Amino acid sequence: MAEGIVSSTTMLKAENEKDVIPAQKAGLSDAIIDRLRLTDSRIKDMAEGIKQIINLPDPVGDVIWERTRPNGLQIQKVRVPIGVIVIIYESRPNVTADAAALCLKAGNAVILRGGKESIHSNIAIYKILSSALERAGLDKHCIQLVEIIEREAIDYLLKADQYVDVVIPRGGEALIRAVVEKSTIPVIKHYKGVCHVFVDEFANLKMAEDVCFNAKVQRPATCNAMETMLVHEKVASVFLPNIARRLLDAKVEIRGCNKTCKILSNVKQATEEDFYNEYLDLILNVKVVNSLDDAILHITKYGSNHSDAIITEDVNNALKFTKEVDSAAV
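Heads up, the sequence shown is in this note's numbering, so the first residue is 14 and it goes up one at a time.
See below:
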């Protein structure tokens, strides 16, 4: 599968253009176009992602708990495949390869339904994966792609509880809520990624600058990109001018709290609603907080329990943050 993707780079880019050009003509946002586009490096990363999955330990058959009863009866909890998984996603074609490889690694069959914007890219990737399955002597139907772009196809899948064991939606909040409301099948989901980075008073500020820049600029359209940067007031006057200069040079729009606006020029005043937003774009909220506790309270109120980080060299502050911030990745 990985080799097939790399060797088909030229073809994949040509098929991807069939998606990108209409999206541009339709006036879709830069964030959507970015998620849609396949470049040489992204195609290479797609193949590398599959290789990383190959190197993961095989989860099937792993004994995760066992106990022997007084009468000698042995009881075990063993990892087994879920069965048939439906994955519904939007405009990011690399999900086709990632999702297929992950499901196959865990012994599951998968039905993929990508966004209509990326239909040509998805079909091209799917054909590569399907061909690889056949060459490996596996049933090519372990991975299937729904090529029907009408929404009725999703509605049908979400009612197929006789055949499907779980649904995983990947995309914007509107898509995920629609799936949850319509599905008669169990759904594994999150709604959005309002992700924070807190720069503590004990942070290495150069490292914090590099981390925060990367967290916003590298892939702003992904759901674990930083949407709000929290900065301790004791380092704000030193840290903010430097990071703001780099962010503004990278065309990031900064929306700041009152304290931020006093330190920085060329930034917009943030509204209450801004702090709830998942931008998926080059827009960043910045707030100066009085303490670690204030940072945690802010994340608790405005966050989405997705991915949040602290940058600090104080072990106790790091432990407090990881203990009290209730997110999937901390």
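The beta carbon of each residue, even a glycine, is placed where N, CA and C say it ideally should be. Nothing here was measured: the structure is a model prediction, and the numbers come from that model.
Member of the options whose CA lies at the smallest distance from the CA of residue i
{"i": "ALA331", "options": "ILE309, SER317, HIS319 and TYR315", "result": "ILE309"}
{"i": "GLY3", "options": "ILE132, ASP43, TYR176 and PHE226", "result": "Residue numbering for the chain in the displayed model covers 14 to 343; residue 3 lies beyond these limits and cannot be assessed."}
{"i": "VAL280", "options": "ALA257, SER317 and SER320", "result": "ALA257"}
{"i": "MET239", "options": "PHE226, SER278 and VAL251", "result": "PHE226"}
{"i": "ALA173", "options": "ARG148, VAL343, VAL200 and ALA341", "result": "VAL200"}
{"i": "VAL19", "options": "LYS202, LYS64 and ARG190", "result": "LYS64"}
{"i": "GLU130", "options": "ILE77, SER144, PRO83 and LYS38", "result": "LYS38"}
{"i": "PRO233", "options": "CYS208, LYS31 and LYS140", "result": "CYS208"}
{"i": "ARG92", "options": "MET24, GLY128 and ASP75", "result": "ASP75"}
{"i": "VAL193", "options": "LYS314, ILE101, TYR315 and LYS90", "result": "ILE101"}
Euclidean distance between Cα positions of residue i and residue j
{"i": "LEU142", "j": "LYS264", "result": "37 Å"}
{"i": "GLU163", "j": "LYS57", "result": "31 Å"}
{"i": "VAL299", "j": "ILE324", "result": "15 Å"}
{"i": "THR241", "j": "TYR204", "result": "17 Å"}
{"i": "ALA249", "j": "LEU305", "result": "14 Å"}
{"i": "ILE13", "j": "GLY269", "result": "Only positions 14 to 343 of the chain appear in this structure, which leaves residue 13 out of reach."}
{"i": "ILE98", "j": "LEU115", "result": "11 Å"}
{"i": "VAL301", "j": "SER320", "result": "20 Å"}
{"i": "LYS219", "j": "ALA322", "result": "16 Å"}
{"i": "ILE46", "j": "VAL33", "result": "7 Å"}
{"i": "HIS245", "j": "THR273", "result": "11 Å"}
{"i": "SER104", "j": "ASN255", "result": "34 Å"}
{"i": "GLU186", "j": "LEU69", "result": "30 Å"}
{"i": "LEU117", "j": "LYS275", "result": "53 Å"}
{"i": "ASP307", "j": "LYS333", "result": "12 Å"}
{"i": "LYS8", "j": "MET24", "result": "Coverage of the chain is limited to positions 14 through 343, which leaves residue 8 absent and any answer about it impossible."}
{"i": "LEU188", "j": "VAL230", "result": "25 Å"}
Under 8 Å between C-beta atoms of residue i and residue j
{"i": "LEU260", "j": "VAL212", "result": "no"}
{"i": "LEU51", "j": "LYS26", "result": "yes"}
{"i": "GLY184", "j": "GLU291", "result": "no"}
{"i": "ILE198", "j": "VAL179", "result": "yes"}
{"i": "GLU28", "j": "SER134", "result": "yes"}
{"i": "GLU214", "j": "LYS247", "result": "yes"}
{"i": "THR22", "j": "ASP53", "result": "yes"}
{"i": "ILE296", "j": "GLU266", "result": "yes"}
{"i": "LEU293", "j": "ALA44", "result": "yes"}
{"i": "VAL343", "j": "THR335", "result": "yes"}
{"i": "VAL210", "j": "ALA228", "result": "yes"}
{"i": "VAL159", "j": "ILE124", "result": "yes"}
{"i": "ALA191", "j": "ARG126", "result": "no"}
{"i": "PRO182", "j": "LYS195", "result": "no"}
{"i": "ASN318", "j": "ALA283", "result": "no"}
{"i": "MET14", "j": "ALA119", "result": "no"}
Residue environment, residue i, which counts as buried when at least 16 other CB atoms sit within 10 Å
{"i": "HIS154", "result": "exposed"}
{"i": "ALA60", "result": "buried"}
{"i": "THR109", "result": "buried"}
{"i": "GLU286", "result": "exposed"}
{"i": "ASN121", "result": "buried"}
{"i": "GLY40", "result": "exposed"}
{"i": "LEU151", "result": "exposed"}
{"i": "ILE88", "result": "exposed"}
{"i": "GLU326", "result": "exposed"}
{"i": "ILE113", "result": "Looking at the sequence itself, residue 113 is Ala, so the reference to Ile does not match. Buried."}
{"i": "LEU170", "result": "buried"}
{"i": "VAL338", "result": "buried"}
{"i": "ILE77", "result": "exposed"}
{"i": "GLY85", "result": "exposed"}
{"i": "PRO106", "result": "buried"}
{"i": "ASP262", "result": "exposed"}
{"i": "ASP111", "result": "buried"}
{"i": "ALA137", "result": "buried"}
{"i": "ILE161", "result": "exposed"}
{"i": "ALA216", "result": "buried"}
Residue i - containing beta strand (DSSP E), residue span
{"i": "HIS245", "result": "239-245"}
{"i": "LYS31", "result": "Note, LYS31: premise wrong, no beta strand (DSSP E); alpha helix (DSSP H) at 22-38."}
{"i": "GLU79", "result": "76-81"}
{"i": "ASN298", "result": "296-302"}
{"i": "HIS203", "result": "Per DSSP, HIS203 belongs to no beta strand (DSSP E) and is neither H nor E."}
{"i": "ILE193", "result": "What sits at residue 193 in the sequence shown is Val, not Ile. It is not in any beta strand (DSSP E) - VAL193 instead sits in the alpha helix (DSSP H) that spans 186-195."}
{"i": "VAL179", "result": "179-183"}
{"i": "LEU158", "result": "156-158"}
Limits of the unbroken alpha helix (DSSP H) element including residue i
{"i": "ALA283", "result": "Run containing ALA283: none; DSSP gives neither H nor E here."}
{"i": "TYR289", "result": "Here TYR289 belongs to no alpha helix (DSSP H), and DSSP marks it neither H nor E."}
{"i": "ALA60", "result": "53-68"}
{"i": "ASP43", "result": "43-49"}
{"i": "GLU222", "result": "218-230"}
{"i": "LYS90", "result": "Segment 87-91 is the beta strand (DSSP E) holding LYS90; no alpha helix (DSSP H) there."}
Residue i beta carbon near the ligand GDP (any heavy atom closer than 7 Å)
{"i": "VAL301", "result": "Among the components modelled here there is no ligand, and therefore nothing to report on the ligand GDP."}
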